[in-house]
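J.: Sharing a structure, written as structure tokens. Questions coming.
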Amino acid sequence: MDTVIFQSFESLEFFQLDLSLVVSFCVLVVYVLQYRRQGRQLEEQHRQIQNQEAQLAAQREQLDKQEQELEQYERELAQLEQQTELAEVEHQAHIEVEDYEFENDRVIVLLSNYGNGVATDLRLETILTAAESEYVQPHAGESRLRRRDADGNQPYEGQALRPGAQRVEFEGEAIVEVETPTPSPKRSSRSSANTGARTGESASHSVLGGVRSTAASRRRGTAPRARPRTRACRAPTARRTADRPSLRTPLGRSASRA
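Shown next as structure tokens:
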């Protein structure tokens, strides 16, 4: 009986040992499988990181190319701007006042365009000056110049001066506005060169005329100025000044009082 019980205990201990070994083996297998799975996950993450790095490198290369293209575009744009400026300068009008005369209350000027652009919006600027007086404040006025031989059926022909045109007659009215500051409210009167400014004092007046023009292909441009002089109180008689050789600078002459 004792022998049987002892054998039973040995069998039970052997079974427990085998069971422990089996459990340990199973646990080891589970750990190995989990380790392999984690290894595969790490490899996948590593591949993803490499792919992301490759994408970043490609993006950097693309950005570098875009920056180079942008720099090239900016250089081309600067060259185009320079070419545009040169073209504008080449097609700029250059107006010269060849001669002028007074015809009643009108001013007749002979203009030439030595530039390569069409001159439009020609205007006559009149500046009224007087001797020092607290009653008269000089003012300037503008009037549009119009060709005397203008054809109304052709647009802009009345105010335009084409390149190469020489000694073309334009006419305009010398108009100024004079304010007389007095203790009473200011009086503003509009007068032309033949009437002058009527004030309480006998002052010497003169009218300075200037011609302004703008080229059709260029927004900004300085305009030459004609400087005819006459008495403002009376209109000068219709007198044409002697022709002078054409110069490339504006001419200014004096007209005597009638």
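Counting from 40, one number per residue, gives the positions in the sequence shown under this note's numbering. Virtual Cβ for every residue (Gly too), placed ideally from N, Cα, C.
Exposed or buried, which one is residue 81 when buried takes at least 16 other CB atoms within 10 Å?
T.: Here residue 81 refers to the residue found at position 42 of the sequence shown. Burial call: exposed.
J.: If you check the beta carbons only, do residue 152 and residue 201 fall under 8 Å apart?
T.: Along the sequence shown, read from residue 1 onward, the residue named residue 152 stands at position 113. Along the sequence shown, read from residue 1 onward, the residue named residue 201 stands at position 162. Yes.
J.: When DSSP builds the beta bridges, which residues end up paired with residue 149?
T.: Mapped onto the sequence shown, residue 149 falls at position 110. Paired residues: 138, 208.
J.: By the three-class DSSP mapping on this structure, what secondary structure does residue 158 have?
T.: Taking the first residue of the sequence shown as position 1, residue 158 is located at position 119. Residue state, collapsed to three classes: strand.
J.: Could you please give the first and the last residue of the uninterrupted beta strand (DSSP E) stretch that includes residue 183?
T.: Taking the sequence shown and counting its residues from 1, the one referred to as residue 183 is at position 144. It spans 179-183 - the beta strand (DSSP E) in which residue 183 sits, taken as one unbroken run.
J.: In whole angstroms, what separates the C-alpha of residue 164 from that of residue 119?
T.: Residue mapping note: residue 164 aligns to position 125 of the sequence shown, counting from 1. Residue mapping note: residue 119 aligns to position 80 of the sequence shown, counting from 1. Looking at the two C-alpha atoms, the distance is approximately 36 Å.
J.: Where does residue 19 sit, in a helix, a strand or coil, going by DSSP?
T.: In the structure as shown, the chain begins at 40 and stops at 297. Residue 19 is therefore absent and cannot be evaluated.
J.: Closer than 6 Å by C-beta to residue 133: which residues in its own chain qualify, once you throw out the five before and the five after it? Chain order, please.
T.: Along the sequence shown, read from residue 1 onward, the residue named residue 133 stands at position 94. For residue 133, where only same-chain residues beyond five positions count, the Cβ hits under 6 Å are 153, 154.
J.: So for residue 114, helix, strand or coil by DSSP?
T.: Here residue 114 is taken as the residue at index 75 of the sequence shown, counted from 1. Helix at residue 114.
J.: Comparing alpha-carbon positions, which option in 108, 166, 89, 126 lies nearest residue 156?
T.: Here the question's residue 156 lines up with position 117 in the sequence shown. Comparing Cα-Cα distances from residue 156 to each of 108, 166, 89, 126, the minimum goes to 126.
J.: Might you give, ordered along the chain, the residues of its own chain that have their beta carbon closer than 7 Å to the beta carbon of residue 58, omitting 5 neighbours on each side?
T.: The sequence position of residue 58 within the sequence shown is 19, counting from 1. For residue 58, where only same-chain residues beyond five positions count, there are no Cβ hits under 7 Å.
J.: Quick one: grab the DSSP three-state call for residue 231.
T.: Working through the sequence shown from its first residue, we reach residue 231 at position 192. Summary for residue 231: the model assigns pLDDT 38, below 50, so the residue's position carries little reliability, and this model does not support an answer.
J.: How would you label residue 209, buried or exposed, when you count the other beta carbons within 10 angstroms and need 16 or more for buried?
T.: Along the sequence shown, read from residue 1 onward, the residue named residue 209 stands at position 170. With 16 or more other Cβ atoms within 10 Å, it is buried.
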